[in-house]
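Here is the structure we will look at, set down as structure tokens.
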Amino acid sequence: MKSDIQIAQEAHLENIKDVAAKVGVTEDELEMYGKYKAKLSDELIHRVENNEDGKLVLITAINPTPAGEGKTTISLGLTEALNQKGISAIAALREPSLGPCFGIKGGAAGGGYAQAVPMEDLNLHFTGDFHAITSANNLLAAMLDNHIHQGNALGIDTKRIVWKRCMDMNDRTLRNIVIGLGDKPNGVTREDHFIITVASEIMAILCLAEDMKDLKERIDKIIVAYNYAGDPVTAKDLKATGAMAALLKDAIKPNMIQTLENTPVLVHGGPFANIAHGCNSVRATKLALKLADIAVTEAGFGADLGAEKFFDIKCRKAGLKPDAVVIVATVKALKYNGGVPKQELSKPDMEALKNGIVNLDKHIENIHKYGVPVVVTLNSFVTDTEEEYEFIKKHCEELGCEFALSNVWADGGAGGIELADKVLASFDKKSDFKPLYEDELPLEDKIMTIAKEIYGADGVTYDSKAKKELDHITQMGFGNLPVCMAKTQYSLSDDASKLGRPEGFTINIREVYVDAGAGFVVALTGKVLTMPGLPKVPAAEGIDYDEENEKITGLF
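With numbering that gives the first Met the number 0, you'll find the sequence shown wraps up at 555, consecutive numbering, no jumps.
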């Protein structure tokens, strides 16, 4: 059986200008990054802005195993299937982070015969967007510390600096550090922290900004610290906005590549959904809606994280109205939620499947709360059995939920025709999309609503510092913002060990802060970390470069 990278490297890629032409994009509207990658120009965005919007389909999932359940694979396979049926469809996806690529989860280019290519480029440096975001983030950190070193005219309280440095790599040793050691010319000694780039507020801003003007206005609002009077100090106060925008001038433009079947894919931005808002850029999604009859997008991890944030943050901020939702499940993830250890997931276990399917039930219920039609798809694996398929299919149909088996990993678009037909049929059901809560609801009530309605919690508890900061954020005038919950992806609760559909639990909020530029309040729950660590055996150990054949090997 060929690996994903072998399949990708053997594929026939078309020149990106020919791929773009399939959706009416001219060569003059592309900014080429070699033969197979391009950025899409602002001229294109302005040219098509009055086009009628296509349909918007969100791909989400149940709570996953550590390996993920194949949302990107399904997104790409569904897009290929729709194009095989003669329907213009574009996938609008997130860019992968280097952290998971070299860690445990692997890349994010899909898998098997449903991949975005060139796969190695996408999973590694791509067009440099993440590097630009990292540089802009760290420029702001450098200007902040330089301001303090040069006399601190803004009266910044060094005990209340909230802006963190970032890098796009899993490195636990950088979570808590001390900077400025040594003599006076080395700066002020203080505690500092690193987060992974995908958790940076700059990433969120890039993904939510409508254009460069909006991006600069959002950067202006970033709170980096508080002064001795307790007032916020912003990026605008540090006069950092212009230089940061200069670093992001290309990164704000969506990227286009292709599937293995040479259909267009827009890939732009990449916040994680367990520690950030988990959606690709608003610009890419809106452009996909203007260029095609159907835009297929995804939101990270399970629906309790990615879909909730897609609805309550991205759709709210961008005025998007999804027409259908596809929930991706796998037999392995259902058994995992039924209590089977990850090393035994390939063995048949109907009892565990029956116990774990309650996780799927909860996600279906949650999507219905947003008023959007739901289709469940099972991403098939060779270890699955017909008995398992039939049980899941019957269970979904008894719930009145459309079901489709997906074989896109093995068969590409042809393996997604059944799913495509179900998605098209779902458009006959009117989408009455509405967010879960109103803007005017107090922040504490928003958190409680998400905890009870989406997670199934009995209530919410707060560490004293978090409760105090929540009150402070409200007093500063940010009480009308949506909430971005940072939570483990493995459970509906904030405890990764509570699988299936846990009951009788509370959600603990240990830290709260405002991302004023992005336009949401972040609430950290449980043990979730904004700088992940590498596993005992990182994927990086199996990755190499074959200099003789000039090929990367071992990349998922």
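Here a beta-carbon is modelled for each residue, glycine too, at the ideal position from N, C-alpha and C. As the structure is a computational prediction, the values presented were derived from the model and not from experiment.
Task: Residue environment, R93, which counts as buried when at least 16 other CB atoms sit within 10 Å - done: Position 94 of the sequence shown, counted from the start, is the residue given in the question as residue 93. By the 10 Å Cβ count, R93 comes out buried.
Open item on the list: I need the boundaries of the beta strand (DSSP E) containing Y388, first residue and last residue.
Closed with: As a working mapping, residue 388 is identified with position 389 in the sequence shown. Careful: Y388 lies outside any beta strand (DSSP E), inside the alpha helix (DSSP H) at 385-397.
Open item on the list: With the cut-off set at 8 Å, would you say T64 and A332 are in Cβ contact?
Closed with: Here residue 64 corresponds to residue number 65 of the sequence shown, with the count starting at 1. Here residue 332 corresponds to residue number 333 of the sequence shown, with the count starting at 1. Closer than 8 Å, so yes.
Open item on the list: In this structure, how does DSSP classify F402 when only helix, strand and coil are distinguished?
Closed with: Taking the first residue of the sequence shown as position 1, residue 402 is located at position 403. Strand at F402.
Task: P321 versus A306, V327, L153, residue with shortest Cα-Cα distance - done: Translated into positions along the sequence shown, residue 321 becomes position 322. Checked all of A306, V327, L153; the closest Cα to P321 is A306.
- [ ] Using the DSSP secondary-structure output, state which residues sit across from Y373 in a beta bridge.
- [x] For this step, residue 373 is matched to residue 374 along the sequence shown. Tyr is not the amino acid found at residue 373; the sequence shown has Val there. Its beta-bridge partners are V324.
Task: Option in Y388, N365, R315, E364 with minimal Cα separation from D348 - done: Reading the sequence shown from its first residue, position 349 is the one you call residue 348. Here the closest residue by C-alpha is Y388.
Task: Cα-Cα separation between E547 and I6, rounded to whole angstroms - done: Translated into the one-based positions of the sequence shown, residue 547 becomes position 548. Translated into the one-based positions of the sequence shown, residue 6 becomes position 7. C-alpha separation (whole angstroms): 19 Å.
Task: Cα-Cα separation between A539 and M475, rounded to whole angstroms - done: Within the sequence shown, the letter at position 540 stands for residue 539. Within the sequence shown, the letter at position 476 stands for residue 475. Taking the straight line joining both Cα atoms gives about 44 Å.
Open item on the list: Going by beta-carbon coordinates alone, are G186 and D144 separated by less than 8 Å?
Closed with: Locating residue 186 in the sequence shown gives position 187, where the first residue counts as 1. Locating residue 144 in the sequence shown gives position 145, where the first residue counts as 1. Yes, Cβ-Cβ distance for G186 and D144 is below 8 Å.
Task: Reduced DSSP category for V161 - H, G, I as helix; E, B as strand; rest coil - done: Taking the sequence shown and counting its residues from 1, the one referred to as residue 161 is at position 162. The answer is coil: DSSP assigns V161 none of H, G, I, E or B.
- [ ] With distances taken Cα to Cα, identify the nearest neighbour of A283 among M255, A419, D543.
- [x] Within the sequence shown, residue 283 is the residue found at index 284, counting from 1. Here the closest residue by C-alpha is M255.
Open item on the list: Quick check on the burial criterion: 16 or more other C-beta atoms within 10 angstroms. Buried or exposed for L180?
Closed with: Here the question's residue 180 lines up with position 181 in the sequence shown. Classification for L180: exposed.
TODO: Specify the secondary structure class of Q488 as computed by DSSP and reduced to three states.
DONE: Indexing the sequence shown from 1 puts residue 488 at position 489. DSSP, reduced to helix, strand and coil, places Q488 outside both helices and strands of the structure shown, so it counts as coil.
Open item on the list: Classify G558: buried if its beta carbon has 16 or more other beta carbons within 10 angstroms, exposed otherwise.
Closed with: As displayed, the chain neither begins before 0 nor continues past 555, which places residue 558 out of reach and without an answer.
- [ ] Report the partner residues of A522 according to the DSSP bridge assignment.
- [x] Here residue 522 is taken as the residue at index 523 of the sequence shown, counted from 1. In DSSP, A522 forms a bridge with M484, V511.
TODO: Indicate the three-state DSSP secondary structure (helix, strand or coil) for L418 in the structure shown.
DONE: If you number the sequence shown from 1, residue 418 lands on position 419. L418 falls in the helix class under three-state DSSP.
- [ ] Only counting runs of 4 or more residues, tell me where the alpha helix (DSSP H) segments fall wholly within the stretch 107-174, in order along the chain.
- [x] 118-122, 128-148
Task: Segments of 4+ residues assigned as alpha helix (DSSP H) that fall wholly inside the stretch 426-481 - done: 442-448, 463-472
- [ ] Pull up the DSSP beta-bridge partners for F193, would you.
- [x] In the sequence shown, residue 193 corresponds to position 194, counting from 1. F193 is bridged to R164.
Task: Nearest-angstrom Cα separation, counted from E209 out to G53 - done: Within the sequence shown, numbered from 1, the residue matching residue 53 stands at position 54. Within the sequence shown, numbered from 1, the residue matching residue 209 stands at position 210. If you take the alpha carbons of G53 and E209, they lie about 19 Å apart.
TODO: Would you identify the three-state DSSP class for E549, choosing helix, strand or coil?
DONE: Numbered from its first residue, the sequence shown carries residue 549 at position 550. E549 falls in the coil class under three-state DSSP.
Open item on the list: Between Q257 and V116, how many whole angstroms is the CB-CB distance? I'm expecting something under 8 Å.
Closed with: The residue labelled residue 257 in the question sits at position 258 within the sequence shown. The residue labelled residue 116 in the question sits at position 117 within the sequence shown. Rounded, the Cβ-Cβ distance is 6 Å, consistent with contact.
Open item on the list: Short of 7 Å in beta carbon distance, which residues of its chain neighbour I201, apart from the five on each side in sequence? Order them along the chain.
Closed with: One-based indexing of the sequence shown puts residue 201 at position 202. A distance below 7 Å between beta-carbons, with the five flanking residues on each side excluded, links I201 to the following residues of its chain, in chain order: I132, A135, N136.
Open item on the list: I need the straight-line Cα distance from D457 to P501, nearest angstrom please.
Closed with: Counting from one through the sequence shown, the residue named residue 457 turns up at place 458. Counting from one through the sequence shown, the residue named residue 501 turns up at place 502. For D457 and P501, the gap between their C-alpha atoms comes out near 11 Å.
Open item on the list: Taking the alpha carbon of K16 as the reference point, which residue from L265, E26, H148, E468 has its own alpha carbon closest?
Closed with: Taking the sequence shown and counting its residues from 1, the one referred to as residue 16 is at position 17. The option with the nearest alpha carbon to K16 is E26.
Open item on the list: As a quick exercise: from G503, G415, P531, pick the residue whose alpha carbon is nearest that of S96.
Closed with: Here the question's residue 96 lines up with position 97 in the sequence shown. The residue with the shortest Cα to Cα distance from S96 is P531.
Task: Which of helix, strand or coil DSSP assigns to D543 - done: Within the sequence shown, numbered from 1, the residue matching residue 543 stands at position 544. Residue state, collapsed to three classes: strand.
Task: Neighbourhood of A198 by C-beta, 8 Å cutoff - its chain only, sequence neighbours within 5 removed - done: Here the question's residue 198 lines up with position 199 in the sequence shown. Same-chain partners within the cutoff: C165, P270, F271, I274, A275, T529, M530.
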